[in-house]
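In order, the protein sequence lines correspond to chains A and B.
Take the first sequence: its position 97, counted from the start at 1, is 97 in the UniProt record's numbering, and no numbers get skipped.
Take the second sequence: its position 182, counted from the start at 1, is 182 in the UniProt record's numbering, and no numbers get skipped.
Number of protein chains: 2
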Amino acid sequence: MNVINTSVRRKELTRLAAQLFVQEGFDRTTVRMLAQEMGIKSGSLFHHFKDKQEILAAVIEEGMQNALTIARQSIEHCSSDPEARLRAMARAHLETLFTDRNAHVVALFEWRRLDPVASAHLSHLRDAYEALWVQVIDDALEAQLIRGDRFLVSRFILGALNWTVRWYDPSGPRTPDDLADELVAMIMAH
Amino acid sequence: MNVINTSVRRKELTRLAAQLFVQEGFDRTTVRMLAQEMGIKSGSLFHHFKDKQEILAAVIEEGMQNALTIARQSIEHCSSDPEARLRAMARAHLETLFTDRNAHVVALFEWRRLDPVASAHLSHLRDAYEALWVQVIDDALEAQLIRGDRFLVSRFILGALNWTVRWYDPSGPRTPDDLADELVAMIMAH
DNA sequence: GTCTATAATCGGATAGAC
DNA sequence: GTCTATCCGATTATAGAC
Numbered sequence: 001m002n003v004i005n006t007s008v009r010r011k012e013l014t015r016l017a018a019q020l021f022v023q024e025g026f027d028r029t030t031v032r033m034l035a036q037e038m039g040i041k042s043g044s045l046f047h048h049f050k051d052k053q054e055i056l057a058a059v060i061e062e063g064m065q066n067a068l069t070i071a072r073q074s075i076e077h078c079s080s081d082p083e084a085r086l087r088a089m090a091r092a093h094l095e096t097l098f099t100d101r102n103a104h105v106v107a108l109f110e111w112r113r114l115d116p117v118a119s120a121h122l123s124h125l126r127d128a129y130e131a132l133w134v135q136v137i138d139d140a141l142e143a144q145l146i147r148g149d150r151f152l153v154s155r156f157i158l159g160a161l162n163w164t165v166r167w168y169d170p171s172g173p174r175t176p177d178d179l180a181d182e183l184v185a186m187i188m189a190h
Numbered sequence: 001m002n003v004i005n006t007s008v009r010r011k012e013l014t015r016l017a018a019q020l021f022v023q024e025g026f027d028r029t030t031v032r033m034l035a036q037e038m039g040i041k042s043g044s045l046f047h048h049f050k051d052k053q054e055i056l057a058a059v060i061e062e063g064m065q066n067a068l069t070i071a072r073q074s075i076e077h078c079s080s081d082p083e084a085r086l087r088a089m090a091r092a093h094l095e096t097l098f099t100d101r102n103a104h105v106v107a108l109f110e111w112r113r114l115d116p117v118a119s120a121h122l123s124h125l126r127d128a129y130e131a132l133w134v135q136v137i138d139d140a141l142e143a144q145l146i147r148g149d150r151f152l153v154s155r156f157i158l159g160a161l162n163w164t165v166r167w168y169d170p171s172g173p174r175t176p177d178d179l180a181d182e183l184v185a186m187i188m189a190h
């Protein structure tokens, strides 16, 4: 019935793949490395996934799905206050990047490696997630919490958040929530 | 005498390599592609560079050198005013990313692909560039132009700027300078 | 400095037995 | 569902002639 294979086994394998993709990058991760991490031989891997591309697509779908779910849950809890919603979105973004870990990072940094068909198939998820952001940003702009062009502001905020992957050390003194709060504080026109 | 080969021929080849590295990514750029772009056969390439790694190091050194030079020139022109200096740094950053193009982008996005020796050898350039930023940010903080932790603020600003590579279209209506100005406006506590 | 030719290795992917 | 064995194209890099 389902076009998409969602068995728990495949989920587990996808999780392991995400880990390697973040560590090494998609291009440098070989099917042999993936298989070893999964405790099987490289030939067996192709019983679960058609090819390497399909693994990437699975990871990225998982990452965007996660990001969407967590973000939606987070802003539900504070539906009225624009400032709380903005902070919640930033926190949710960093939560899926660092707490849940890996899949969302792959979605952000390896999207270009998707073949055109997979990219087209998954773009609605990315669009839905960005729409969530633009909505929250619009509310914040209307409440005069922040200033600027809705499009640019969301790009800048997401850029600042995404780039944390390159420098932030979760084992350091600051929590992801600290980062999110500090970013929001920085741009607020209080 | 010189440890580093700085012939104009090598500079030209480095420029072409940078272009391909941005388009395809370092891992997916083959020496055959590089050679073809340079109008020679792949075997001849190794007369100019010891190996593929050395090409990457050359590109990244060029990119950081460019960024440093342009940034220093830009803030010299406005040595007194903290706001002008901040704006100048942001403009310079986007100028080396989009106007000069390629080499600085490679430095930012492919740094991880450097082998440890090359990375250690080039890190002083990256550190010098970041120090320039922290200095400008410190001045802006002291003048109460912006608020926050000096370390985090510079990371967030650089993240927002770096991520533009992923979405900004230079052939669109906005100039890189527009972007820089809008980012500065967004974070200013006027 | 560039060429041709090729070595040596590694990559994704398949076939067929169990 | 996993294994072994293997195909075969692609990749980095070298050797030696011109």
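Backbone N, C-alpha and C define an ideal beta-carbon position, used for all residues, glycine too.
* Asked: If you scan the stretch 67-138 of chain B from start to end, which runs of the alpha helix (DSSP H) of 4 or more residues do you find wholly inside it?
  -> 82-94, 103-109
* Cβ of B:G63 less than 8 Å from any chain A Cβ? -> no
* In this structure, does DSSP put B:D177 in helix, strand or coil? -> helix
* Should A:A143 be labelled buried (16 or more other beta-carbon atoms within 10 Å of its own) or exposed? -> exposed
* Do the CB positions of B:G159 and A:G159 come within less than 8 Å of each other? -> yes
* **Cβ neighbour criterion (16 or more within 10 Å) applied to A:R91** => buried
* To do: Please confirm if B:D177 has its CB atom under 8 Å from at least one CB of chain A.
  => no
* Per-residue contacts from B:A67 into chain A (C-beta, under 7 Å) -> Neighbours of B:A67 on chain A: none; closest Cβ ~16 Å, over 7 Å.
* For B:A107, go through chain A and note every residue whose CB falls closer than 8 Å to its CB, in chain order. => Within chain A, no residue comes near B:A107; the closest Cβ sits about 13 Å away, beyond 8 Å.
* Asked: List, in order along the chain, the chain B residues whose C-beta lies closer than 7 Å to that of A:W167?
  -> R155
* Verify whether the separation of the beta carbon atoms of B:L125 and B:E83 is less than 8 Å. => no
* Report the neighbours of A:T164 on chain B: residues whose CB is nearer than 7 Å to its CB, in chain order. => G159
* Short check: CB of A:S74 to CB of A:A88, under 8 Å? -> yes
* **Same chain only: Cβ atoms within 7 Å of A:H104, ignoring 5 sequence neighbours per side** => G63, N66, A67, T96, L97
* Segment limits, alpha helix (DSSP H) that includes A:G43 -> 42-48
* **Buried versus exposed, by CB contacts within 10 Å (16 or more), A:F21** => buried
* Taking the alpha-carbon positions, what's the A:R155 to A:S7 distance? -> 35 Å
* Which residues in the same chain as A:L141 place their Cβ atom closer than 8 Å to its Cβ, once the five residues preceding and following it in sequence are excluded? -> R147, G148, R150, V153
* Contacts around B:L122, its chain only, beta-carbon distance under 8 Å, and the 5 residues preceding and following it disregarded -> A57, I60, E61, M64, L114
* Distance between beta carbons of B:L179 and B:L94, contact taken as under 8 Å -> 6 Å
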